[in-house]
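Working notes for the structure below.
In this note's numbering, the protein residues as written are 162 to 309.
See below:
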């Protein structure tokens, strides 16, 4: 594997812009573990090994179980996620794969059972932010350890 380019040095302003988005998402008040689950699930869908590696390790470091990490892609088939988490994971999948079906009304309603309007926007910001990171990482050939 070879890193195509270091986007951070190639375009520092783009990196700063992404960091500003990340900071806004982090300051939104979303539960930290839930935010990391969003990041991991979107990274899995997008095939971003760099981000999937990072967010798996981040989740482990804050006490997430290995079972919940390994079974995240099969969240519909296992009873280890709360209704709130399920709603957010489903929203993450729909927003990440927006062109396939948009965000169906029933998905929106499931999320709104647990989150108010501001929090819904916070979730969309978090999902959008990790998708931006994923797209840059995949397009520039990033992989776990590429900056070591």
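Cβ coordinates follow ideal geometry from the N, Cα and C atoms, glycine included.
Would residue i be called buried (16 or more neighbouring beta carbons within 10 Å of its own) or exposed?
i, result
"residue 202", "buried"
"residue 186", "buried"
"residue 308", "exposed"
"residue 172", "exposed"
"residue 178", "exposed"
"residue 244", "exposed"
"residue 272", "buried"
Helix, strand or coil for residue i, going by three-state DSSP, please let me know.
i, result
"residue 173", "helix"
"residue 115", "Look at the range of the chain in this structure, 162 to 309, and you will see that residue 115 is not part of it."
"residue 282", "helix"
"residue 168", "helix"
"residue 253", "helix"
Below 7 Å between beta carbons: does that hold for residue i and residue j?
i, j, result
"residue 304", "residue 166", "no"
"residue 204", "residue 216", "yes"
"residue 206", "residue 257", "yes"
"residue 249", "residue 195", "yes"
"residue 199", "residue 288", "yes"
"residue 220", "residue 251", "no"
"residue 299", "residue 209", "yes"
"residue 283", "residue 191", "yes"
"residue 168", "residue 253", "no"
Examine the ligand ADP and report whether any of its heavy atoms sits within less than 6 Å of the Cβ of residue i.
i, result
"residue 251", "As far as ligands go, the structure on display features none, and thus does not contain the ligand ADP."
task: Run through the region 195 to 240 for me and flag every whole alpha helix (DSSP H) of 4 or more residues, listed as ranges in chain order.
output: Runs found: 210 to 222 and 227 to 231.
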